[in-house]
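Engineer:
Protein chains: 2
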Amino acid sequence: MDTQELIRSLSHSTSSKIILLVLDGLGGLPQPETGKTELETASTPNLDKLAIKGVCGLSDPIAPGITPGSAPGHLALFGYDPIRYEIGRGVLEATGIDFAVQPGDVAARGNFCTVDGNGLVTDRRAGRISDEKCTELCQILDRQHIDGIEVIVRPVRGHRFVAVFRGEGLSPEVNDSDPQQVGLLPLDITARNIESVKLANIANKFISSARELLAEQNPANMVLFRGFSGEPGFPSMKDIYKLNPAAVAGYPMYRGLARLVGMDTLDTGPGISDVFATVKEYYEKYDFFFLHYKPTDAAGEDGDFDRKVKAIEEVDEALPELTALDLDVLVVTGDHSTPAILKGHSWHPVPILLSSKFCRADDVKNFSESSCVKGGLGRISTVDIMPLAMANALKLKKFGA
Amino acid sequence: MDTQELIRSLSHSTSSKIILLVLDGLGGLPQPETGKTELETASTPNLDKLAIKGVCGLSDPIAPGITPGSAPGHLALFGYDPIRYEIGRGVLEATGIDFAVQPGDVAARGNFCTVDGNGLVTDRRAGRISDEKCTELCQILDRQHIDGIEVIVRPVRGHRFVAVFRGEGLSPEVNDSDPQQVGLLPLDITARNIESVKLANIANKFISSARELLAEQNPANMVLFRGFSGEPGFPSMKDIYKLNPAAVAGYPMYRGLARLVGMDTLDTGPGISDVFATVKEYYEKYDFFFLHYKPTDAAGEDGDFDRKVKAIEEVDEALPELTALDLDVLVVTGDHSTPAILKGHSWHPVPILLSSKFCRADDVKNFSESSCVKGGLGRISTVDIMPLAMANALKLKKFGA
Chain A
31 MDTQELIRSL SHSTSSKIIL LVLDGLGGLP QPETGKTELE TASTPNLDKL AIKGVCGLSD
91 PIAPGITPGS APGHLALFGY DPIRYEIGRG VLEATGIDFA VQPGDVAARG NFCTVDGNGL
151 VTDRRAGRIS DEKCTELCQI LDRQHIDGIE VIVRPVRGHR FVAVFRGEGL SPEVNDSDPQ
211 QVGLLPLDIT ARNIESVKLA NIANKFISSA RELLAEQNPA NMVLFRGFSG EPGFPSMKDI
271 YKLNPAAVAG YPMYRGLARL VGMDTLDTGP GISDVFATVK EYYEKYDFFF LHYKPTDAAG
331 EDGDFDRKVK AIEEVDEALP ELTALDLDVL VVTGDHSTPA ILKGHSWHPV PILLSSKFCR
391 ADDVKNFSES SCVKGGLGRI STVDIMPLAM ANALKLKKFG A
Chain B
31 MDTQELIRSL SHSTSSKIIL LVLDGLGGLP QPETGKTELE TASTPNLDKL AIKGVCGLSD
91 PIAPGITPGS APGHLALFGY DPIRYEIGRG VLEATGIDFA VQPGDVAARG NFCTVDGNGL
151 VTDRRAGRIS DEKCTELCQI LDRQHIDGIE VIVRPVRGHR FVAVFRGEGL SPEVNDSDPQ
211 QVGLLPLDIT ARNIESVKLA NIANKFISSA RELLAEQNPA NMVLFRGFSG EPGFPSMKDI
271 YKLNPAAVAG YPMYRGLARL VGMDTLDTGP GISDVFATVK EYYEKYDFFF LHYKPTDAAG
331 EDGDFDRKVK AIEEVDEALP ELTALDLDVL VVTGDHSTPA ILKGHSWHPV PILLSSKFCR
391 ADDVKNFSES SCVKGGLGRI STVDIMPLAM ANALKLKKFG A
C-alpha cells in the first residue's frame, strides 16, 4: 500500500475547510547585493503573522535537485506522486488551453508546418504564423468526423494547436508524425499495439484531409503531430480525500490540472482579491479550495526581482480578505521555486506555511526561505502537504488500532 | 521510473565542473570532556568560509540508524541506491586491491587454511601467515588455465587472497567451499543453477590443484572460497549524468569503487595537497572529480580523536589550493561517520557542505555537526547529493512541462 492508498483508507468527510494557496514559483534566490530573496525582500506583515501562529518548513516538489514543470509541481501539491502520475504531452497541451479532455479522448499536440511540392517538410513551424492565423486554420480543420470519430481542433499559440480525437475504441499508443527535421516526409502515424490501429488509421486520414484543406494556405500547408495521449484517468481527490474540492485559478493550465484530479473549477477575476472573493462566494459549497496565483512565477521567469517582490506584497496585502473567513486549515506555498536571477523554474525547495488550530506552531516569526529552514515541518516532500493539511483539518482517522 | 532513471532522462553535459571531496568517516561524536566532535574541535577557517557562502546539512548514507560500510557509503555518494546496487564479496575484495574486474569475470574471496592428513580443516586462517608468505603462495597458484578459463590469484593480506576466473561462459551462482568451522572437510563448490555448473567444475578443479601445489606449504596447505560474484554491471556515471568523471584516490578500494561506476582513476600522491594538485593537473580534461581522503577514517577507526582532528585540519589548510580553481560546485562531506570514541563506522548522519553560485546560502557560519543540523539542506539522503550537485551545476533539465 502506498501513502496515497493509506490516505484513501483513512480519510473521511467533515465540515472543516482547507485552503491551499499556491503562489506559483514562490521560492527564490538572494539578490547578490542584498543577500535577500524575493520573499525576504517583500514586506509581508500578514504572512508573517500567519507564520507566527503556524508551522513552517521547506518542501521538495519532486526530489532534491529536480526542477519541476508546472504539471508535476501541482500534482505533488495535490498529493499525487508526480513521477508515477504522468500527463501525456497532448493532454497537457489541451489542459493548457482549458480544453476538458474526457475519458476515452486522445489528444495530440499539433504543429502547422510547411511542405514543398514533393511533400518534404521545409519548415516545422510554418514560419511561426500568428495566433490569429492559427485560429483561422484550426477552424478549417475543426469538427471533422472520420469513421465515427470526431476530431476537435483548437489553437494554442503561433503554429501550435491541439487535436482531440473523440469517440469509441481509441487507444493512444501511436507514434508521432513529426520527423523532427526538415527535408523529410512527415511520418505515417503507426500503432504500437493492436488496440491503437484504429486511432492510427483515423489520424492518417485526418492528416491527408488536412493536407488537402490546407493546400492553399502556404506557409501553413500541412500538420505534424506529437505526443498522442489519453485522459490519464487519475483517481479523484473526492475519492482519495472524501473532499468536495474546487479550484480558483485564472490561468487555463491550472484549471486544467485541477480538473484532471476531479476539482470543480470556479470562474474568477484576474487579481488576487478576485480569487479571495470567489472563495468567499463559494465558501459554503466546497470544503477544499486550491487558489492559484501566477504573477510571482511570471515575474521570476522574466528575471524581474522587484516585480516578484511586489507580486508577493500584493498577496500579503489582500490576505486579510481570505483570513477573515475563519479558516480551519490554510496552507501557503508554491509549486516550485522561480528565482528571478535564474529566470526560470529551479530545484530549490519551496517555503511552506501551514496554519491551523492544531499545527504545533514553531519559532518561525516570518515567512521566508531562511526562516523556513528552521521551521517545525523541516524539509518535507511536497506530496506530504495534503496529508498534513487533511490531518490538521481532522479529516484523517487513526491508522491501525 | 526511479529517481536515478529520472536523473538520467534530465541530465545533460555542460562545461561546468563538480568536485566531490570526501573526507572518509568525517562525522564524529563529542569528546566527553569538551562536548565537541572532532570536526567541532578542529580549527577549520577555510571550511567555515565555504560554509558561510554555501548551504549545509546532514545526510544519511543508507537510512537513519544504519551504519554503512565503505562500499555502500560511496555508492550512495555517487547517487546509486546502496540497497539496490550490491557488490558481491569477491568483487569487493578484488576492488580493494585495485584489481580491475572485467565484465564476465567471477571473483572469489579466498583464505589459505590448514587441513590435516584426512583433509579436515584444522585452521581456517592457516595460522594467519604473513603478507609476504601470502604473496609467495599466490604466485604458486596464479595463472592456471583450466578448461579454457584463466584463474588469476592475487594476495590481499595475511591469509586472504582473491581468485578471479576469467573466460567465456562463467556464471557466479555457486556456493562457498568454506565450511565455516574446523573439523570438517572443505565443501565441494556446487552450482545453484545450470548456468553456473561450468564455474563450479572449474573451481573444484582449481581447489584440487591447489591442494597438490600447496601440499608442502603447511600451515597454508589448502584454500577455502567464499563470495563468488561477477562484475556487477552498474550503469555508468557517464550514462546517468553525462559526466566525464575522474577519481583521485590514494587507496585502492576507493579507486576500485569509482571504477565500478565508470570513473577514470588518476594516479596521485599520498597527501591531500597531492590530491588537489592532481585535480589541478587534470582540471580541463574532466568535469567531475571524486576526491578521497582516508586519514580521517583511519584515525577514527584507531580511536585517535586528536589525530582525526589533525587530519581534518590538514585538509582545511590545503583547501585554498583547491578553491583557487574557480569551482562551479564543491561538495565537502563524508561517506559515513567514524567517531573516535566508537573506534569504527557509525550510523550518525554526515555533515555536508555544498557551495555554488546558486546554492541558496543558509545561516550556517561554521562546518560542524551541530551547525549542519540547522543548515538549509536539512537532513537529506546521501543519494540526493549527486542530483543536488548536478542541479547546482545547471546540468539537469526541467522535469515535465
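Chains as they are written, first to last, in the numbering used here: chain A, 31 to 431; chain B, 31 to 431.
Glycine included, every Cβ here is placed at the ideal spot set by N, Cα and C.
#1: Jot down the residue ranges of each uninterrupted alpha helix (DSSP H) in the stretch 350-403 of chain A, minimum 4 residues, whole runs only, in chain order.
#2: Please say whether G58(B) and L50(B) have beta carbons closer to each other than 8 Å?
#3: Taking C-beta pairs closer than 7 Å, name the residues in chain B that L372(A) reaches, listed in chain order.
#4: Could you give the first and the last residue of the continuous alpha helix (DSSP H) run that contains E68(A)?
#5: Taking Cβ-Cβ distances below 8 Å as the criterion, which residues of the stretch 389-421 of chain A are in contact with chain B?
#6: Where does F108(A) sit, in a helix, a strand or coil, going by DSSP?
#7: Which residues of the stretch 75-99 of chain A have a Cβ closer than 8 Å to any Cβ of chain B? Give them in chain order.
#8: Specify whether the stretch 389-399 of chain B and the stretch 72-86 of chain B touch according to this definition: at least 3 beta carbon pairs, one from each stretch, less than 8 Å apart.
#9: Under 8 Å, Cβ to Cβ, is there at least one residue of chain B near P112(A)?
#10: With T144(B) as the anchor, note down where its beta strand (DSSP E) starts and where it stops.
#11: Less than 8 Å separating the beta-carbons of G405(A) and D392(A)?
#12: Closest to T275(B) by C-alpha separation, out of S238(B), R241(B) and Y313(B), would be which residue?
#13: Relative to the C-alpha of P325(B), which residue among E344(B), K310(B) and F319(B) is closest?
#14: Indicate whether at least one CB of chain A lies closer than 8 Å to the CB of L426(B).
#15: Taking Cβ to Cβ, would you say K272(A) is nearer than 8 Å to S43(A)?
#16: I'd like to know if A101(A) contacts chain B, where contact means its C-beta is closer than 8 Å to some C-beta of that chain.
#17: Within 8 Å (strictly less), CB to CB, does L122(A) reach chain B?
#18: If you drop the 5 nearest sequence neighbours on each side, which residues of the same chain put their C-beta closer than 6 Å to that of A442(B)?
#19: Look at the alpha carbon of V204(B) and the alpha carbon of A230(B), and state the distance between them as a whole number of angstroms.
#20: Could you please give me the residues that DSSP links to R409(A) through a beta bridge?
#21: What does the alpha-carbon distance come out to for the pair L352(A) and T33(B)?
#22: Would you mind working out which of Q174(B), L407(B), V212(B) and E198(B) sits nearest C143(B), comparing C-alpha positions?
#23: For H189(A), which residues in chain B fall below 8 Å Cβ to Cβ?
#24: Over the uninterrupted alpha helix (DSSP H) stretch that includes L437(A), give me the two end residues.
#25: Considering just the uninterrupted stretch of the beta strand (DSSP E) at P275(A), what are its terminal residues?
#26: If you compare alpha carbons, which of S411(A), C389(A) and S385(A) is closest to N76(A)?
#27: Using DSSP with H/G/I as helix, E/B as strand and the rest coil, what is R119(A)?
#28: On the premise that F264(B) lies in contact with V27(B), defined as a C-beta separation below 8 Å, what is that separation, rounded to the nearest angstrom?
#29: Counting C-beta neighbours from all protein chains within 10 Å, is the total for E261(B) 16 or more, i.e. buried, or is it exposed?
#30: Give me, in chain order, the residues of the same chain whose beta-carbon lies closer than 6 Å to that of I371(A); leave out the 5 immediate sequence neighbours on both sides.
#31: Under a CB-based cut-off of 8 Å, is H516(A) close to chain B?
#32: Spell out whether any CB of chain B is found under 8 Å from the CB atom of L59(A).
#33: Could you tell me which residues DSSP pairs with F195(A) in its beta bridges?
#34: Is T64(B) buried or exposed, if buried means 16 or more other CB atoms sit within 10 Å of its CB?
#35: Going along chain B, which residues have a C-beta under 7 Å from H375(A)?
#36: Which stretch, first to last residue, makes up the alpha helix (DSSP H) that contains D78(A)?
Structural biologist: This is what the structure holds:
#1: 399-402
#2: no
#3: F388
#4: Looking at the DSSP string, the run of the alpha helix (DSSP H) that includes E68(A) is E68 to T71.
#5: Residues E399, S400, V403, K404, G408 and R409.
#6: In the structure shown, F108(A) sits in coil (DSSP, three-state: anything other than H, G, I, E or B).
#7: For the stretch 75-99 of chain A, residues whose beta-carbon sits nearer than 8 Å to a beta-carbon of chain B comprise L88, I92, A93, P94, G95, I96, T97, P98 and G99.
#8: yes
#9: Yes, P112(A) counts as interfacial toward chain B.
#10: V136 to V145
#11: yes
#12: Per the sequence shown, residue 275(B) should be read as Pro rather than Thr. Closest by alpha carbon: Y313(B).
#13: E344(B)
#14: yes
#15: Taking 8 Å as the Cβ cut-off, K272(A) and S43(A) qualify as a contacting pair.
#16: yes
#17: yes
#18: Chain B is shown from 31 up to 431; residue 442(B) falls before or after that span and cannot be answered.
#19: 6 Å
#20: L88(A)
#21: 38 Å
#22: Checked all of Q174(B), L407(B), V212(B) and E198(B); the closest Cα to C143(B) is V212(B).
#23: Here the premise fails: no neighbours, minimum Cβ distance about 17 Å.
#24: Residue 437(A) lies beyond the residue range present for chain A, which begins at 31 and ends at 431; the question has no answer from this structure.
#25: P275 to A279
#26: That would be S385(A), whose Cα lies nearest to the Cα of N76(A).
#27: helix
#28: The displayed coordinates of chain B run from 31 to 431. Any statement about residue 27(B) would go beyond what the structure contains.
#29: buried
#30: L59
#31: With chain A running from 31 to 431 in the structure shown, residue 516(A) is simply not present.
#32: Yes - at least one Cβ of chain B is within 8 Å of the one on L59(A).
#33: V136(A) and V181(A)
#34: Answer is exposed; the Cβ neighbour count stays below 16.
#35: K428
#36: P75 to K83
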